[in-house]
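Chains as they are written, first to last, in my numbering: chain Z, 470 to 756; chain L, 34 to 332.
Just so it is clear, CB atoms sit at the ideal spot from N, CA and C, and this is done for glycine as well.
It should be emphasised that the depicted structure is a prediction, and the values quoted were computed from it without experimental measurement.
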Amino acid sequence: MTEYRIEELMVCRIASEVDDSGVTVLGSFTPLAYASYMLAKLTHARDAYLVGFNAIGMPPVELNLTGTEAAAYRGALARWSFLTTTQTVHLGKRGLVECVSPAQIDGTGAFNLACIGDYAHPKVRMPGGAGSPEVVQHYERILVYFGRHDRRTLVEQVSFRTGQRAPLSAEERRRRGLLAGPVRIITPLAVLIKDDDERPFRIESLNPGVAAEQVVENTGFELEVPADIPTTAEPTADQVALLRERIDPHGTTRFDFLDAQERKQMLRDLLQDEWDRALAASRVAAR
Amino acid sequence: MAANKVVPLAELPSLVPPGASVGLGGAWMANHPMAAVRQLIRDRIGDLHVIGSLSSIDVDQLIAAGLVRELTFSMVSLEAYGLAPHFRRAVQDGTLRINEVSGVAMNVALDAGARNLPFLPMRDIGASELPEVTPGAYAEIECPFTGERLLGIRALNPDVALVHVLRADAAGNAQVEGPMGCDPELARAARRLVVTCEELVDTETIAANPASTHIPGFIVDAVIEAPFGAHPTTHVPRYGLDAWAVMAYADACGEGRGAEVLAELASETEEGYRERALDEDRRVVLETVAREAPTLETA
């Protein structure tokens, strides 16, 4: 059996949603999602179009903190403005899958990237949702991922609805000129799915070693718990090797699983390495 | 002979009146017009209505300097380096008026402005609460042809747009070869357009590569040469993210030293900034990460 870390299982589950039919956009810093798209592009979805920072048809890149945009642009097939990208992909029904990683989600699928507490007088003001309201409404498949699965994150009701896919039924979405597909939540414990406005999220699969009760206990909203729940597919040896050796050799996908202090230390370490590597590379180039 | 629109950075205050609405280019951690932002801070051009779609340290520093009255935005973030500290505090304290708009709608609003239209339609944005908290940006409308319910997005026409590019000639023909956010639409929507550039070039250099000219000179009012003008954000293909500087900013603000950082920015010239913030090693590192960040061969 292949040894793997939980973030690698999540990366592989997300990657399995990317196929050759579609366009996948990389926006705000979400290393777990980036790694998933690269993995798909290097394995089963070589014809998928990745769009990173509006570099259209970007090549798969090694994840790092300082040079990802430059690498995306170096191999891209077109360079668009953000308006052209969003008109064509988001609004033009070409968006296959894009991940969102908000602060909270609730049982209606509403997620929050704006604030904790009252909108007008927030306890914590967060960055805002960028294009995520349009992403969750217009793409075919929506994946929301979290580095932790608890009642502070999967909440009874979000403080603010930055975005929410509506409606969810395939028939009604098509009638309104929208792509149809479910909303999934990917966490260290399980995969949850919702495709019906009238029904709660359902446990689609349990990650290895996790019991359904553990998921219910750590979820702040009602869940449908089927009698038989499959286990989330485990990463293969090839997938783990690709992730560790080529896509994410510096381990940026751990970012979402760390607390604030650990994140800071990880960033410091990664940046020291990137500085040293860049200086060494510049000396090689100068020779 | 074409008009010469070149002015020094120090003349920026004559182009951005206090109280103006100012659109800032760039997106995520890419290509924000930081040299222009620093000049606004030096000259204390205040009471601004800042319009920035995917904003970052640019907007945070203007808020830190106390220059922002109102902000229209879809995101303000330091990404991996944390919440934008001054944006966060100003909203929590209720000292900043905000108009929060979804990201695609921001693009549509600028597109409407660029087309001399009062609004443009788009399909709905789901059950987002943003139209409720920002009613001035969104209105439900009915398609006159099909009767479908759509969302009207009100045009944005900033008094001034500040956009950073790779190279421009004296007439303002401006080229970009990396991430440009929604800069071309912002440039067209603005009543006055100021372009800062990594380097001024002659018109022959522009004409040799016209596919890169995303902003033609006839919409440009002023051109300013500003090397490393997007620093510490990226300017691909020239330089990558100065993540070390962004992290130092986040750390300083976290330790209550934000005012010191801003005072230092305000006290030096742009040349002085480059000497302080960009020593030889750092320039080499930033240029190297942009040149050598690895792509992965699919073969």
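Item	Value
Close Cβ partners of L:Leu233 (< 8 Å) along its chain, the five nearest in sequence each way excluded	Val39, Arg200, Ala201, Asp202, Ala203, Val256, Glu258
Three-state class that DSSP yields for Z:Val684 in the structure shown	helix
Cβ contact (3+ pairs, closer than 8 Å) linking the stretch 714-725 of chain Z and the stretch 285-305 of chain L	no
Residues sharing a beta bridge with L:Glu133, DSSP	L:Phe106
Status (buried if at least 16 other CB within 10 Å, exposed otherwise) for L:Gly180	exposed
Within chain L, the residues that Z:Leu736 reaches when beta carbons sit closer than 9 Å	Ala113, Tyr114, Ala276, Met280
C-beta neighbour in chain L for Z:Arg715, strict 8 Å	yes
Beta-carbon proximity of L:Ile119 to L:Asp93, cut-off 8 Å	Residue 119 of chain L is actually His in this sequence, not Ile. Yes, these two residues count as a Cβ contact at 8 Å.
Meets three-Cβ-pair contact criterion under 8 Å: the stretch 576-586 of chain Z and the stretch 629-649 of chain Z	yes
Candidates Z:Ala729, Z:Leu511, Z:Ile716, Z:Lys733, of which the one nearest L:Ala5 by Cα	Outside the shown range of chain L, which is 34 to 332, sits residue 5 of chain L, and nothing can be said about it.
Neighbour list for L:Thr128 in chain Z, Cβ cutoff strictly below 9 Å	Per Cβ cutoff of 9 Å: no residues; L:Thr128 is ~12 Å from chain Z at best.
Exposure label - L:Arg148; buried when at least 16 CB within 10 Å	exposed
Length of the line joining the Cα atoms of L:Val317 and Z:Ser751	7 Å
Closest residue to Z:Arg421 among Z:Leu658, Z:Asp664, Z:Thr631 (Cα-Cα distance)	Outside the shown range of chain Z, which is 470 to 756, sits residue 421 of chain Z, and nothing can be said about it.
C-alpha gap between L:Pro46 and Z:Glu686, whole angstroms	58 Å
Nearest neighbour of Z:Asp489, chosen from Z:Leu501, Z:Leu519, Z:Leu495, Z:Leu478 [CA to CA]	Z:Leu519
C-beta contact flag for Z:His513 and Z:Gly564 at 8 Å	no
Three-pair Cβ contact test at 8 Å for the stretch 103-111 of chain L versus the stretch 84-91 of chain L	yes
Straight-line Cα distance separating Z:Thr701 from L:Thr311	Here residue 311 of chain L is Leu; the residue named in the question, Thr, does not match the sequence. Cα to Cα, L:Leu311 sits roughly 48 Å from Z:Thr701.
Runs of alpha helix (DSSP H) wholly within the stretch 609-663 of chain Z (minimum 4 residues, chain order)	639-644
Candidates Z:Glu731, Z:Val684, Z:Val709, of which the one nearest Z:Ala484 by Cα	Z:Val709
Boundaries (first-last residue) of the beta strand (DSSP E) holding Z:Glu567	564-569
Below-8 Å beta-carbon distance, Z:His513 vs any chain L residue	no
Between the CA atoms of Z:Val753 and L:Asp192 - distance to the nearest angstrom	48 Å
Neighbourhood of Z:Glu466 by C-beta, 7 Å cutoff - its chain only, sequence neighbours within 5 removed	Because chain Z spans 470 through 756 in this model, residue 466 of chain Z falls outside it and cannot be assessed.
Inter-residue Cα distance where the pair is L:Ala98 and L:Pro265	17 Å
Nearest candidate by alpha-carbon position, reference L:Val198, set L:Ile174, L:Val228, L:Phe251, L:Leu183	L:Val228
Whether Z:Arg671 touches Z:Leu661 by CB criterion (8 Å)	yes
Within-8 Å CB hit, Z:Leu637 to chain L	no
Proximal chain Z residues relative to L:Val269, where beta-carbon distance stays under 7 Å	Glu538, Ala539, Tyr542
Interface residues of chain Z facing L:Ser300 [CB-CB closer than 8 Å]	Neighbours of L:Ser300 on chain Z: none; closest Cβ ~27 Å, over 8 Å.
Through-space distance from Z:Gly689 to Z:Ala706, alpha-carbon basis	35 Å
For L:Asn242, the nearest candidate out of L:Asp254, L:Pro270, L:Leu219, L:Glu210 (CA to CA)	L:Glu210
8 Å Cβ cutoff, Z:Asp488 in contact with chain L	no
CB contact check: L:Ala60 to chain Z, cutoff 8 Å	yes
Any chain L beta carbon closer than 8 Å to Z:Pro596	yes
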